[in-house]
Structure formats: C-alpha cells, structure tokens
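In terms of numbering that gives the first Met the number 0, the sequence shown is residues 0 to 999.
Contents: one structure, followed by commentary.
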Amino acid sequence: MSQGNRLPQGGRINRGKPVNFKYRGKSYQGFEGDSLASALLANGINLVGRSFKYGRPRGIMAAGADEPNALLQLGASEATQVPNVRATQQELFDGLVCEPVSGWPSVEFDLKSIAGTLGGSLMAPGFYYKTFMWPAKLWMTYEHYIRKAAGLGRSPLETDPDQYDVMNQHCDLLVVGGGPAGLAAALTAGRGGKRVLLVDEQNEWGGYLLASPELIDGQPAMQWVDAAVAELHAMANVELMTRATANGYHDHSFVTVHQRLTEHLSDRAPVGQVRSRMHRVRAHEVILATGAHERPLVYGNNDIPGCMVAGAISTYIRRYGVRPGQRLVVMTTNDYGYQCAIDWAASGGTVVAVVDTRANPESATIGAARDAGLTVLTGQAVIDVRGGKAVEGVYVAPISADGNRVDGPVRQLQCDTVGSSGGYSPVVHLSAHLGCRPLWDQEKLGFVPNVTFKHLHCAGGVEGEYALGTVLARAIERAAAACDVAPIAPPRVEDVAVAPAMALFQVPHTARTSRAPKQFVDYQNDVTASAIELACQEGFESIEHVKRYTALGFGTDQGKLSNINGVAITAKALNKPISETGTTMFRPNYTPVTFGAIAGRNAAALFDPKRYTAMQPWHEAQGAMFEDVGQWKRPWYFPQHGETLDQAVNREAKAVRDSVGILDASTLGKIDVQGPDAREFMGRVYTNAWAKLGIGKCRYGLMCGEDGMLFDDGVTACLGDNHFIMTTTTGGAARVYEWLELWHQTEWPELEVYFNTVTDQWATTTISGPNSRKVLQKLTDAELSGEAFKFMDWQAATIAGVPGRIFRISFTGEASYEINVPAHYGLHVWEAAIEAGAEFNITPYGTETMHVLRAEKGFIIAGQDTDGSVHPFDLNHGWAVGMKKPFPFIGKRGMQRADCVRDDRKQLVGLKTIDPKAVLQEGAQAVFDPNGAIPMTMVGHVTSSYWSPNCGHSIAMALIKGGLNRMGEKVYFPGVDGRTIEAEICSPVFFDPEGARQNV
C-alpha cells in the first residue's frame, strides 16, 4: 500500500512492522510507532472533519493534546465505539477502524458547508439565541437539529465490553511531564532517595526532545533521555508511567492521573486486562513539568487543511518520518519557527519561503537558515491562504513594525503546506485548577503559573523557559529544594541565543477584520477574530463573558491553541493590556476522559451493590418477596400457600397484634457517637434535649436541615456518659452520617466527638406483640418485667448465648424488643427466636406489614410522610422540639421564619374514608370543594394509605392545609376515573391511642 508522504528513512517508527487500519471504510497502512494522525498524513489524508458552525473543511493541525480538528470516531463494533478521539494521541494498532465525527452526508461533501458559505455572515456570536426564539414551543425541535449539525461523535448503543480500574498512589514527589525538565527533576529526587512518581501523556519519554536535533553532553538529546529513563527504571523508589495524563490538580496535592493501558493495542482490551486506569495520587510535593504548546497565528483562511503549527510539522518529519506535503511556507514571529523549515528542507521538500514578521531579526538560527539556502522574508506576513479542501497558495505582504497593518503590496506564493509559529503558550492548566489565575508575562509573551501553594512547583516550559540548558538546571534546582535533597550535576548543553520574539497574535489584512476572510482563533468552535471583536462591541468586557458568548475555548481542546490569541484580540478590541484582560480559567479534566475510566470498577453490582442482612438465607428459604430500600434487600412480605400481597399483609398484621411477630430490622442505620462533647453535639443536631438522658435510656429524635425541615428521625440510646448509638432510617443512614461529619468538620471542629457507622456490624431482630416478652424470656436471663425494663430502656444481655443489647422500643405500638447482636451471630439468634416463638405461632413479617402497623399508630416515615417542606410542628411533633436549649439546634431559625408559622401550612393529619372499604391512593390530591371549577384548588395530598385489618377499615395520613385545626371536617379526593372519595380529617393515631399496649 502506498504511503505517498512517508519519507524513505528517518523517524522513530518500526518500518519492519506494517500496521493495517481503516478510515472511512477504506484500508490503509502505517507502521508500528505511528500515531493515527501520522499514518493518515503518510497516506496523503489531511481532510479529517468539518467545522462546528460553518461546515468548513478541517485538517490535522498539531501533533499532540493541542489538536483541535482531528477528532475521530473509533471502534470496529458498536460496543467498542469511542467518540472524539484525537488522532494525534491515538497510537496506531492493527485493525483500527475510524470515521470522521462530522460532515453530512460525508466529510468530502458537507451540506452544512453550503449554509456556511452562503449564510456564514449571518452566523454571528449568539445567533442561535437571536434567530431561534420564535415560536418558543419549537425550541426543542431547533435544538435537535442544531446538536445534530454540531457533529462531535456519538456514544455506543451497546454495553462497553471492557473493564476499567482505579488505583490509589502515594509519593514524596509527583512529577508531571516526561520531557527534559521532568526527567531531570525525577533524577534529582530519585537519587536523593525520595519516593517519586513520574507520569507523561505520551507513549515515549523525552517530550519535545523526541523531535529535536539538540545535543546534551555532545550527544543527541535522546541518548541522554534513554540513559536517564534506564537509571530511573533501576531505582526501586521511582515509578514511571507512560500514556498517563494528569487531568486534575485538587486540594492537598491530590492529582488524578488517567493511564491508558491497552488503548494502543486494540479497540477492546485483551482478556484479563483493563482498558485504562485512574490513579488517585496523593503527593507531598508536585512538580509541573508540562512544557508549552506552540500557538498558531491568526490569519485569513488559516483553517484550510494544510495549515499547521510549525512545530507539529517538525514532529511528523523527525519522529514519524512523514512530510505532509511538498511545498512549504513558514510564517513565524520567533526563531523557533525556523526549525520547521530546516527539517522540511532536510527531508527533501521545497521550502518556498520563511516569512518572518520581525523587521530585521538576527540570530545564529536565522543565519543557519540563510546559509542552508532558505528564502527568508522579514517584516512580512502571510495574510491569507488560497484553497478549498487543501492549501494551494498564500498571500504575503509587508506589515508594520507594530503588526497592526499591511504596509506594502501583496504577492502570491505557491505551496501546499503552511506552518505558523506565534510563540509558545505554557501549559498552565493544572496550576489553575484550584483557582490560581495565571499571570501574563510580557517578556515571555505567555501566561505563566501563579503558584500560591507551597507544595506545588513548576519547571521548564510551563514557566516560560525554553532554553534547554536553563530548563535542565532549573528543574534540578526545583526538585532539590522541594524534596530537600542535594542537587545533581546538570548535563552539558550549549544553548543558542535567540532573537526577541514579536508580540503578534492576529495578522493584519488589507481589509478590516469584519470584512477580511475568516481568521480563525478557535478552530473547533469556529470562533473568528471578527466574532470576538463583535462580542466586545456588544458590551462583553470580561474575558469570561466573551468566552461564553463566542464559545472560545469551549471545545474538547479547552482552548489549548486558541486561548492566548483570543485573549490578545479581546484586549486589543477593548484597548486594554493583556495583563489587565486576563485569561479564562481552566478546570479538570485537562483532556477528555472516558466515563469508563472515571467509574473504574464501580459499575453494575459494584456501583450499586445489593446489601443483604445476616438473615437473608432464612428469608429466601421461607419464600420471602423482597423490596429495595436504599441498597438493601428487605423482606417485603412472606406469602404462604399462594397468598397475594394483601392477604399476606393482613395475616402478618393480625398475628403481630394478636400474638407475636418477628422483623429483620438490621438495615436501620446505626452510628456510634463517642467523645467528651458527644452530648453537646447531639443536642445541636437533634431538635430535642439530650443533656440529661441517662445511661440505659433511649430517646426519639428529629433531625432537621438548616431550613428547619425534617429530613430524618430515629431513636438514640445512651450507652455511657460520652457514648451513644444513633439509629436512622434505612435509606437515610449515609446522608445522616455525612451530615454529622459536615457540621463537625466545618462548623464545630472544637467539639471532641467521633462518629463511626456500624450498621453492618450489628444484626437486629425485632420481636413485637403481646407475647413478645414470653418469647424473649426463653432466650435470655435478663430481667424483662415491665417494672425493671421499661419502655425506651435498653440493657446489655446475653441472647441465645450471644452477648448483645436489647432495646425496648417500638415501631408497632406493641410491646417490642429490638435485639442487637454482632452481625455474624444474627442468623443464629434469629433462628433461636423463631424456635422459641413456635408455641406462640410467631410470624415473620416484612416491610409492608411494618408500614401498616406503624400507620395504625400514626408513626411517621421520614421521606414518605415528609417531603422536604415539613417541619416538626407541621407533624404535630412540637413535643420533640426543645426551643429553650442553651445552644440553638440546627433548623431552629429556619422553622421560625414567617412562612413556617402560618396557620394554613400543610400539616399531618389522619383520614378516615366515609366508605370504610375505600382505600385512598398515596399521592392523591385533596380539595375542600369537590364541585369547584377545574383546575381545582389543591389543599394537600395523601402521604400514607393502607387497609388496616386490625381496625377493620382503611386508614390514611395526609398533609392538609391547616389540617390540625380542621379535625372532623370533610376533605375530598377526585380521582382520574371520575370517582371522588370523601374522607374525614382525624387524629393519625387509629389504634390504641392511649399507648397502653407498648407500656405493659
């Protein structure tokens, strides 16, 4: 297979191992070591996509993470589809299949390009909002087609077959970047005995040296790199990771690193291997050696395929043995751009001209270019490019010394490739992730890190230092200081002096910006210089507002090439210096990360695990039906002989009231609270008082948010003067635990109190009913008489031979005992209780029966009878609120707001339907006037509703406006079937209102 742009020799590829791949359904060939981008260029393919808004042809522009255009859809099957993969970062593997993510019906002919050509002038910034406003009801339709036209790939429709992983790492020093600065820093710390982790996003070490002709110690720089890497590999205290991108820098030197383990082998990970791994790195010190990106210049039609960053051209020639054309024009504002022309000429290509925007630059590099016979045009610029799907030529003209205007006649040069260099932009992204806004350095013509964290350090290009000798020396100095080790001797490098660069960002044209050919700043989002100027004219002055109005830097490249040019053009439009205009902020992730890598192993059952109590085998053996409560599988009901849900619940509920029932309550949240300030803390998070709760006693408590609204409730027992065990609702356990830690750590850190979640450590068997004491007495020697063991007491005891705790608390209104034993004894104690209760026909019951029994007693369920808008007084639970406590509890002020003391608030009441057999629907809306005009005025809703076999009629609880003052009044519930159910407002306590049964 022909690779027309492949050089006959050179590069770091393995020419002995051809690699086959497909692009747009056609087969091509590259070599081992190629990137997908280099292989495409080798085969003469540079049209890889269409632009976001105008549908313009787009080609490969860069060679790394800064590539804005070459985003491709990868995957040979539906399950392995991955959208928006950068061709410049994807290593070539045999069988790779890829497609463009934009262009319809094809990338060669995109219908959107017709609209872009004919109506492009109408697509100014914000045109979506200006042109798709009427009629409003059609916006969803508009949005569908706008998103479809935007391109940018698609998600797979089948399950991802791969596995992903997460690993926690700790080190003394994390070095981000495996170029010369990173290697020198790692060597310094490694030789000093420090534990070092070195990561780099590329598959090879060396950074820019992979495509550089520079010498270190008189030898090619890569020989020094190879020796340094070999030494680091030999150190037991150093770990090296390639294909590993540091994507986020977080508080306390916590860095997330995404390592691509097998993405270079296939679109599906080999059996037994993971596709990628997310490393969660906690480092004592961090050195950013992330280098810099060469930025292109902004000039007319600078997006035509063939327009590239000058340094990327050198990379393709020197690293991959690919020259992406025959005739080259280079435009540069600095000495570094000349290397592209020198490399091109050395590869056998024609350098039409090096166009230097500086008037009379002089340096050894420029002299070498002239000595090599290259044509150097100084004081001039490429102001426009001619071509459609490929570069055909350029327009060159003299420009003024300040770069603001064209100063002479325009002439054409024939070429097929344009390389531009506007200088370097330090890769400051990670340094800004914690809010440290980078600072403009006019001498370096770039934003540099504004590091304010003492454990974060920078070295090399990220600081705006590009001379190799200086880079190495400073990296050694930074690492030695950060790790408190002796500096190593820097290698010998002879830096070449360079001429001052020109501060030029937007090349002038013979026409003003708004009339000139499109000059692209952000290639991925079609943001032009004229769009930025227009945004400023429309009143956007903050660079953050300009960004959002124009979409500058919004793409998957996050403005790596466009940011500084966009800022400079904004500054010029606002007549402000760049330092005052500032830059937009960068946020994680530095480059896109797949959802699979973020989730790691936390997928399927490991993402939402099923939790079982110790009694699960018994429940399954008895044919229990289960329901999900949080992550727990709880027995819902225990059907016998083909019973329905209603039949089983009626039987279970009657059994509990008539004799004795047994419930697995292990799932209730349990939080162990200890410390000298435990009582004080309890009093602050609960609405009622805890200062005088005695050892051996229990108390029911309500927990409210800052707004005063109830979000959880439960019983807490005092185990010792400074020791409590708190119970929560099953579904609210995690939230309550987080709530306690939040207030302790952020508001009351002076309180000495500690929390441990112990839900899984204890199995809970609840025995409830008139015969519960008789059953329990057969299992323990503990004194259980009503006088010795009162309601809301607890005691330590041995139950069925197992040390545990017995709590006399009740969620049924019956005499009840909650038996807590270590979880691994839970099944044993449960089976012993079943055996002991056999003579009393002990009946296991599930959550549905539990709900019926508690509703008969008017006991609430947080989250069912409350909805985040209900405070304790709405529930008629003012008795559980201590308004006179010396320290105000959380929510006290919230529930005293004017809105919270209205008489017509929705309040919890009971409902008795006039037809005793009519069971209201939970959620049914209440009205006072059933004959009112539609839409009727809703005055509340049903929160809980059941048939009560013990009461012989339906029962319900509801939140009704002013309900507590409407006892005995009628309320109506219109149904969707046309029926209206009438009910009487009553007390929510339907059974044993005196509470005698639980106090025996």
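Note that beta-carbon positions come from the ideal geometry of N, C-alpha and C, so glycine has one too.
Fair warning: this is a prediction, and the values are worked out from it, not measured in the lab.
Practice prompt. Report yes if the C-beta distance between G152 and L70 is below 8 Å; otherwise report no.
Written response: yes
Discussion item. Could you pull the DSSP bridge partners for H969 from this structure?
Written reply: Sequence inspection shows Lys at residue 969; the His mentioned does not correspond to that position. According to DSSP, K969 bridges with E983.
Discussion item. Please report the distance separating the alpha-carbon of L172 from that of E230.
Written reply: 17 Å
Worksheet item: Whose C-beta lies closer than 8 Å to the C-beta of K960 among residues of the same chain, with five residues either side of it excluded?
Response: D903, R904, K905, Q906, V938, G939
Worksheet item: What residues match up with H940 in a beta bridge as DSSP calls it?
Response: Q924, L958
Item to complete: Could you pull out every unbroken beta strand (DSSP E) segment of at least 3 residues lying fully inside the region 596-663, listed in chain order?
Response: 624-628, 631-636, 660-663
Practice prompt. Count the CB pairs spanning the region 717-730 and the region 645-658 that are closer than 8 Å, and state whether there are at least three.
Written response: no
Worksheet item: What residues match up with F872 in a beta bridge as DSSP calls it?
Response: DSSP output for F872 lists no bridge partner at all.
Worksheet entry | I766 (DSSP reduced to helix, strand or coil) | strand
Worksheet entry | Beta carbon of A534 nearer than 8 Å to that of V545 | yes
Discussion item. Measuring straight from C-alpha to C-alpha, what distance separates E532 and I316?
Written reply: 37 Å
Practice prompt. Starting from K669, follow its DSSP beta bridges and name the residues at the other end.
Written response: T726
Worksheet item: Can we say the region 196-209 touches the region 168-183, given the rule of at least three CB pairs closer than 8 Å?
Response: yes
Discussion item. Between T764, A781, D866, which has its C-alpha nearest A831's C-alpha?
Written reply: T764
Item to complete: Would you list the one or two residues that DSSP bridges to Q222?
Response: Q222 is not bridged to any residue.
Worksheet entry | CB contact flag (R276, D199, <8 Å) | no
Worksheet item: Smallest Cα separation from F990: which of E66, L958, G909?
Response: G909
Worksheet item: Alpha carbon to alpha carbon, what distance is there between Q8 and I44?
Response: 20 Å
Discussion item. In whole angstroms, give me the CA-to-CA distance for R5 and Q325.
Written reply: 12 Å
Worksheet item: For the 8 Å Cβ check, are there 3 or more pairs between the region 924-936 and the region 624-638?
Response: no
Discussion item. Short of 6 Å in beta carbon distance, which residues of its chain neighbour K517, apart from the five on each side in sequence? Order them along the chain.
Written reply: T527
Worksheet item: Under the three-state reduction of DSSP, which class applies to I286: helix, strand or coil?
Response: strand
Worksheet item: Around the C-beta of L741, are 16 or more other C-beta atoms found within 10 angstroms, so that it is buried, or is it exposed?
Response: exposed
Item to complete: Go ahead and pull the three-state DSSP assignment for G299.
Response: strand
Discussion item. Quick test of your reading: D1046 and G565, contact by CB under 8 Å. State the CB separation rounded to the nearest angstrom.
Written reply: Summary: the structure shown does not reach residue 1046, with the chain confined to residues 0 through 999, and so no result is reported for it.
Fill in: Exposure label - K453; buried when at least 16 CB within 10 Å
exposed
Fill in: N-terminal and C-terminal residue of the alpha helix (DSSP H) that R369 is part of
363-370
Practice prompt. Spell out a yes or no on whether the region 439-456 and the region 406-425 are touching, meaning 3 or more CB-CB pairs, one atom from each, closer than 8 Å.
Written response: yes
Worksheet item: What first and last residue would you give for the beta strand (DSSP E) that runs through A796?
Response: 793-798
Worksheet item: Taking DSSP as the reference, what is the three-state secondary structure of G63?
Response: coil
Fill in: Test: P104 CB closer than 8 Å to a CB of chain C
Among the chains of the structure shown, chain C does not appear; only one protein chain is present.
Fill in: Alpha carbon of K571 to alpha carbon of P304, nearest angstrom
28 Å
Item to complete: Provide the residue span of the beta strand (DSSP E) that contains D440, from first to last.
Response: 438-440
Practice prompt. Using DSSP bridges, identify the partner residues of G719.
Written response: H722
Fill in: Any alpha helix (DSSP H) of 4 or more consecutive residues that is wholly inside the region 362-420
363-370
Practice prompt. Confirm, please, whether the CB-CB distance from Y27 to A38 is below 8 Å.
Written response: yes
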